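Residue 17 is where the sequence shown starts when you use our numbering, and the numbers rise one by one after that. Where is the CB? At the ideal position from N, CA and C, for every residue including glycine. Remember, it's a predicted structure, so these values are computed and weren't measured experimentally.
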Amino acid sequence: MKLFALQFAAITFSLKLNIMEKKIIITGVTGQDGSHMADFLLKNTEHTIIAGVRRVSVKNHENISHLIDHPRFKLIDLDITDQANTEQVIAEEKPDYFINFAANSFVGVSWKQPVSHMETNCMAVLYQLEAIRKYCPNCRYYNAGSSEEFGDIVTVQQDENSQARPRSPYAASKCSARHIVKVWRESYDLYAVQGWLFNHEGTRRGEEFVTRKITKNIARIFNEYRTGNEIIPLQLGNLDAGRDWSDAEDFIDAVWKMVNQDEPKDYVIASDETHTIREFVEEAFNFAGFHRGECRWEGEGLDEKYYHGEHCIVEINPEFYRPAEVECLRGDSTLARKELDWERKSTFLDLVKKMVDNDLKMFNA
Ligand code: G4F
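Okay, here's the thing in structure tokens:
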């Protein structure tokens, strides 16, 4: 009887601390968020990670190369746009958590590939939830939502009650997925949530996104200066759009907390600040040694340029403008800070510096 009581106490204790070994499927694990989530869970829990990866001829495992031999990290083939494959994986693995970070996440391309955005960002969510409903209804599900869903904003700050006003096929696909998550949660009593994650960046960010494009090109320009080669300016689109940027690593524990509440609920995760692309450019060049006092903007509109001395270091290319722009985003993460007890650690300037330092180091390695 005493032994039984002890065992019971141990189980309750480990459940409370979330240290019971569980099975977690993560999709998009080769990307920024998925790889940070895998790192976080392997470090802070005893859970096993099943990393669902699409089979491609050239592997892009750079972000997870350090995890490949980890005993609690298992790679499996999973194409989330294939319903049969999704169903078979979920039926076989019966995960305790399913964290869906896989997405077509580049807004700019979504006008050119709207169908694939809908299939990857929305239909895949439907396949996942249907399979979870059938084979493991106790599985806790997270889908990556986006501040792009707010789009054509009507309030200075966007919170959980703000209206969805998508401006791109990408945003429309995320809004559709949000409705699916909500309907499946309410109809089948599933623990299914979709956070509104505002822009989050870092050293694992892809180069197609503006922050990494800026910091990688600054490293190249720095090197051109150093070696006395011709300076090729960085080409950008709309400099005056405002974004609410955070360090991606700060968002991971917010997502983990979101899937571990008593009741499923969607939260806004943000820094609650707005900075323009122009500000990001100025701060990033400044950290690289192109000090603000030595740089200046000249010209207007498509002819605007940023100079360091007589060298043009940034110019505008209309190709990088979008058919419809989300002009300004600023989250209101009050609810997440209060109910999830979540707090970001890095400031905007910490993030810019970290990305610039990393790319300068990588370029000169
Ligand atoms: O870095 P971006 O491509 O990110 P965007 O569109 O805000 O989307 C990112 O954040 C979302 C969260 O809100 C995610 F859901 C989404 O998956 C993705 O991670 O562009 C940021 C801004 C835009 O206003 C864009 O017009 O930068 C502007 N921009 C200006 N020049 C540029 C460029 N964007 C890119 N990618 N490349 C440019 O040359």
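Would you say the beta carbon of residue i comes nearer than 6 Å to a heavy atom of the ligand G4F?
| i | result |
| --- | --- |
| V372 | no |
| I293 | yes |
| N177 | no |
| R338 | yes |
| A257 | yes |
| E289 | no |
| L252 | yes |
| F267 | no |
| S121 | yes |
| S163 | yes |
| F166 | no |
| V226 | yes |
| D215 | It should be noted that the sequence gives Asn, not Asp, for residue 215. Within the cutoff, so yes. |
Use the C-beta contact count for residue i: other C-beta atoms within 10 angstroms, 16 or more gives buried, fewer gives exposed.
| i | result |
| --- | --- |
| P153 | exposed |
| A381 | exposed |
| N233 | buried |
| H82 | exposed |
| M53 | buried |
| L365 | exposed |
| T28 | Its pLDDT being 49, under 50, T28 is placed unreliably by the model, and nothing is read from it. |
| P280 | buried |
| P87 | exposed |
| R308 | exposed |
| V209 | buried |
| A235 | buried |
| T363 | exposed |
| T171 | exposed |
| K377 | exposed |
| A107 | exposed |
| K32 | Note that K32 scores 45 on pLDDT, short of 50, meaning its location in the model is unreliable; the coordinates nonetheless yield the value given after this. Exposed. |
| L318 | exposed |
| K128 | exposed |
| P182 | buried |
| V368 | buried |
| S73 | exposed |
| K361 | exposed |
| R346 | buried |
Let me check understanding here. Comparing Cα to Cα, which of the options lies closest to residue i?
| i | options | result |
| --- | --- | --- |
| I285 | P334, A193, A160, E326 | A160 |
| S192 | T292, A180, A257, V226 | A180 |
| A264 | S51, E37, I42, K39 | S51 |
| I332 | L356, Q251, P280, A107 | Q251 |
| F303 | E355, F238, I247, D260 | F238 |
| N383 | H327, P334, R220 | Lying before the first or after the last residue shown, residue 383 is absent from the chain, which here runs from 17 to 381. |
| V342 | R228, R259, F56, I247 | R259 |
| K39 | M139, F114, A300, E314 | F114 |
| F336 | D256, C138, Q173 | D256 |
| R338 | R70, N101, E37, P185 | P185 |
| K273 | Y207, R228, V330, S126 | Y207 |
| V372 | R194, Q99, K229 | K229 |
| V141 | N116, E108, C344, N177 | N116 |
| D375 | M139, I329, E223, N177 | E223 |
| N60 | H195, D112, D269 | D269 |
| N276 | D112, I106, L94, E78 | D112 |
| Y157 | S262, T350, K361, E146 | E146 |
| I248 | H324, E295, G211, R312 | H324 |
| D98 | S73, Q144, G124 | Q144 |
| T243 | T219, I66, F379, S287 | F379 |
| R71 | I65, A188, L91, L351 | L91 |
| Y283 | E217, I84, A352 | A352 |
| G315 | V330, V197, T292 | V330 |
| S287 | C311, S262, I293 | S262 |
| S162 | S189, M139, F306, K150 | S189 |
| L57 | S73, V69, V74, M36 | M36 |
| D66 | V45, A340, H216 | The residue you asked about is not Asp; residue 66 is Ile in the sequence shown. For the residues V45, A340, H216, the minimum Cα distance to I66 belongs to V45. |
From the DSSP secondary-structure annotation, give me the bridge partner or partners of residue i.
| i | result |
| --- | --- |
| C328 | Y323 |
| H82 | Paired residues: none, contrary to the question. |
| K39 | T64 |
| Q174 | G347 |
| I285 | L213 |
| E314 | K321 |
| Y157 | F114, A208 |
| V69 | D93 |
| S162 | L213 |
Does the beta carbon of residue i fall short of 6 Å from some heavy atom of the ligand PLP?
| i | result |
| --- | --- |
| E335 | As far as ligands go, the structure on display features the ligand G4F and does not contain the ligand PLP. |
Subject >> beta strand (DSSP E) segments (min. 3 residues) lying fully within the segment 87–142 >> reply: 89–93, 113–116
**OP:** Run through the segment 190–253 for me and flag every whole beta strand (DSSP E) of 3 or more residues, listed as ranges in chain order.
**Re:** 207–213, 250–252
Original post:
Where in the segment 255–310 do unbroken runs of the beta strand (DSSP E), each at least 3 residues long, occur, reported from the N-terminal end onward?
Top reply: none
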